[in-house]
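Using numbering that gives the first Met the number 0, the first residue of the sequence shown is number 0, and each one after it goes up by one.
Using N, Cα and C, we set each Cβ at its ideal position, and we do this for glycine too.
Taking it in order: structure first as structure tokens, then the write-up.
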Amino acid sequence: MLKPAKLRKIASNIESESIKHYLNDLGVLSIRERELQGIERLVRHFIDEQVPLKFFYIGYSMPKISKEFDLLAFDQMHRVVNIELKSQADYDEEKIRKQLINNKYYLSHVAKEIKLFTYNSDSDIIYTLTEQDELEATDISSTPLFLASEFYRILATFDSIDVGNLDSLFKVNLYLVSPFRETHAFLEGAYLLSQQQQVLQNNILTISDSGFYAVNVPSGNGKALMLYDTVKKLSKNNTVLIVHVGKLNAAQSSLRRNYDWKIIPIRQFMKKIKSKKLQNFDYIFIDEAQNLSVKNINTIRKYFQEHLHLAYIFLIGDKLRIE
């Protein structure tokens, strides 16, 4: 379990071998040297020793979601301060903005009030988000500038506490939206893809040649959300069909009936192929493809070998064995 740290203790012992033992005892098992240096440079600005800078969780990683925060501090009012650490003077500001927006989404589930910052130790600039999610930069290179900053005001008055095991706050089910169980939240975009889901989606979206592709997605990795989000993105400029290997569930039927999603069961899809009455689509996703029979795979393959120019065909499933 990750325990909170005293930033002043880290800053004052950064050159000491004992700091590694201190961090290990807290459960901080992997931290880059430049992040330690960033903490040291940040703490150096707080010349007033009355600002304790204690109870900061370092490098907390959310279970199963691959989401990590550099620094987090909580108080009894259910408020949270998040500080991300950068060390490249010309670091892309748009990446900073997107990261803070992403952090805001995850933290909004566990805190009533969120303060988001990024500290670039090379440029000595603090970034934060406006209410319109625009990036705002503050130069803190001099003591007067630092003391006048909102960042200092917030940290100087923030009474952080030890909240115990963060995993009990960041419960996975708060973030894993299902397009079937939470259809409204899905359609409203009230979710973010995990890093693994983003990689899978990017692999699909960056394919440039139409053809026949198999995409293995291990079970328990949010396949449905990744697939349906991909379809939602592609449908803005393309015709997209989802083929479900099995019967449609209530949510799939609702998406088709009420929101004009093109979703059909495998039996209907095979009938259209055999009768050659399948309309043209830019993209076709066959979900749960591991349950396809060899006969169906061969029929689908033969059909699209003659019509490859019509679509990108993706077989999505777990442990696919398609030669």
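The three-state secondary structure of valine 198, taken from DSSP, is helix. Assigned with DSSP and collapsed to three states, leucine 154 falls in helix.
Comparing alpha-carbon positions, the option among Tyr21, Asn248 and Ala213 lying closest to glutamine 289 turns out to be Ala213.
Non-local beta-carbon contacts of isoleucine 262 in its own chain, meaning distances under 7 Å to residues more than five positions away in sequence, involve Ile241, His243, Leu247, Gln251, Leu254 and Arg255 in chain order.
Residues Pro62, Lys63 and Ile64 of the same chain have their beta carbon placed closer than 7 Å to that of valine 171, with the five preceding and five following residues left out of the count. Under DSSP, valine 176 shares a beta bridge with no residue.
In the assembly as shown, valine 162 is a buried residue. Its beta-carbon has 16 or more other beta-carbons within 10 Å. Here DSSP, grouped into helix, strand and coil, assigns glycine 316 to strand. Annotation: the continuous alpha helix (DSSP H) that includes leucine 186 extends over 182–187. Collapsing the DSSP output to three states places isoleucine 9 in a helix. In the three-state reduction of the DSSP assignment, threonine 129 falls in the coil class, being assigned neither a helical nor a strand state. Taken through DSSP and simplified to helix, strand or coil, lysine 103 comes out as helix. Annotation: the continuous beta strand (DSSP E) that includes valine 80 extends over 78–85.
Our two residues, leucine 134 and glutamine 304, have alpha carbons roughly 49 Å apart in a direct line.
Membership of phenylalanine 116 in the beta strand (DSSP E) is indicated by the continuous run 112–119. With fewer than 16 other Cβ atoms from the protein chains shown falling within 10 Å of its own Cβ, proline 143 counts as exposed.
Within the same chain, Ile124 and Tyr126 come within 7 Å of alanine 136 by CB-CB distance, once the 5 residues on both sides are set aside. If you keep only unbroken beta strand (DSSP E) runs of at least 3 residues inside the segment 223–256, you get 239–243. Beta-bridge partners of aspartate 286 (DSSP): His243 and Ile315. For the pair serine 274 and isoleucine 312, the Cα-to-Cα distance works out to about 19 Å. Shown here, lysine 294 sits in a helix according to DSSP, grouped into three states.
According to DSSP, valine 214 shares a beta bridge with Ile315.
Within 10 angstroms of the beta-carbon of valine 42 lie 16 or more other beta-carbons, which makes it buried. Leucine 154 and serine 207 have their C-alpha atoms spaced approximately 48 Å apart.
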